[in-house]
Amino acid sequence: MQRPSSSVPTPTARPRPARQPEGQRSQQAAASARPLCWADEHLMSILPGYKPMGEDELDDVLESMGGTPQNRDKALEAYNNLAKDLVNKTGVRVIGMKPKPGDTIYTVDIPNSPLVFRIWEGGMGPYGQFCVDFYDAQRKVSVNLPQGHSLHPASIPVPTGGYGFGFGYGYAPMPGSGYPYPGMPMPTPMPMPMPMNVNPPSSSTAVPRGQLGSWERNMGMDANSIPEGEEKWMILEGQHITLRREGHPHFTFQMPTRQPAFVVAQPRLAVA
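Numbering follows full-length UniProt numbering, in which position 252 of the sequence shown is assigned residue number 252; successive positions increment by one, without gaps.
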């Protein structure tokens, strides 16, 4: 959106870098930024480290809604009212945020390593998933995927006497506007179930039986562009996952499960 002309020369617009997820160390800088609209003010109150829009970004939003330099104030008021109405009707679900002090987490020790797996709810309960990251228990900081490490669906014994995989069904994204697409079990005509990694919103494809991509990498970020300590995985509850490390045996663990929202009758053990 172009601003009204004035006697002061307008500086040449500079390219704006793409916005990326804020790292843990950028929270202080983000907190000092001033929100220019109600939506950003609200998000800053519930999301530590959220970076509000700048003037140019807000102008782009208002212009997409039909705003002009002449009616900018009215366009901003309409945008604020729209955001308030949306929050009042549907609320805001925050997903994927790293745990804060006092939050409940699970941990899994990684043998012969200072690292542990840290598992937390992260707003993913409605999708039947948990958030997972690597955490340095000595330095008390989360870290990105260490070099030479990878996560994979686990090969585990199944009741038939054969071997299955940690993902008991083929999991694929559901259509719609879910963020991220929740993984739901679906029948598959294959003789053995095919595990499907649940990908984030940017992709509707999944990687069968391969390495489980982090949320950031599945969204197209490479290792150098992921802020340190921000990499995380969304994995279905109850699944068996194998960590592969160079120079170490494979290590398998199981994701926690939640109490189901409904209870069905269970068989009772007795003597004939």
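Note that CB positions come from ideal geometry on N, CA and C, so glycine has one too.
Beta-carbon spacing of residue i, residue j below 8 Å
i           : j      : result
Ser154      : Ile241 : According to the sequence shown, residue 154 is Ala rather than Ser. Yes, the Cβ-Cβ distance between Ala154 and Ile241 is below 8 Å.
Glu231      : Asn144 : yes
residue 276 : Gln129 : As displayed, the chain neither begins before 1 nor continues past 272, which places residue 276 out of reach and without an answer.
Ser150      : Gln211 : yes
Asn80       : Trp38  : yes
Tyr106      : Pro256 : yes
Pro69       : Leu115 : no
Residue i burial status per 10 Å Cβ neighbour count (16 or more: buried)
i           : result
Asp133      : buried
Gly122      : buried
Arg268      : exposed
Ser214      : buried
Ile235      : buried
Gly66       : exposed
Ile119      : buried
Leu86       : exposed
Asp59       : buried
His250      : exposed
Phe167      : Reliability of the predicted coordinates at Phe167 is poor, the pLDDT of 44 falling under 50, and the value obtained from them is presented with this limitation in mind. Phe167 is buried by the Cβ-count criterion.
Gln239      : buried
Asn218      : buried
residue 273 : Residue 273 falls outside the range modelled here, since the chain spans only 1 to 272, and no answer is possible.
Val271      : exposed
Asp40       : buried
For residue j and residue i, believed in contact at Cβ under 8 Å, the rounded distance
i      : j      : result
Ala83  : Leu62  : About 12 Å; that fails the 8 Å criterion.
Phe117 : Phe253 : 7 Å
Exercise. In chain order, which beta strand (DSSP E) runs of at least 3 residues are fully inside the region 78 to 127?
Worked result: Within the region 78 to 127, the complete beta strand (DSSP E) runs of at least 3 residues are 106 to 109 and 115 to 120.
For this session: Examine the Cβ distances between the region 88 to 100 and the region 115 to 130 and report whether three or more of them are shorter than 8 Å.
Result: The count of Cβ pairs closer than 8 Å, one atom from the region 88 to 100 and one from the region 115 to 130, reaches three, so the stretches are in contact.
For this session: Count the C-beta pairs between the region 31 to 42 and the region 52 to 67 that are closer than 8 Å, then say yes if the count reaches three, no if not.
Result: Contact holds: three or more Cβ-Cβ distances are below 8 Å.
Problem set entry | the region 220 to 229 contacting the region 79 to 94, beta-carbon criterion three pairs below 8 Å | Contact fails: fewer than three Cβ-Cβ distances are below 8 Å.
Exercise. Are the region 102 to 121 and the region 243 to 263 touching, with three or more C-beta to C-beta distances below 8 Å?
Worked result: The region 102 to 121 is in contact with the region 243 to 263.
Problem set entry | alpha helix (DSSP H) segments (min. 4 residues) lying fully within the region 50 to 81 | Under the rule that a run must span 4 or more residues, the alpha helix (DSSP H) segments found entirely inside the region 50 to 81 read 55 to 64.
Exercise. What are the uninterrupted segments assigned as beta strand (DSSP E) that are 3 or more residues long and contained completely in the region 239 to 267, given in chain order?
Worked result: If we require 3 residues or more, the beta strand (DSSP E) runs fully inside the region 239 to 267 come out as 240 to 245 and 251 to 254.
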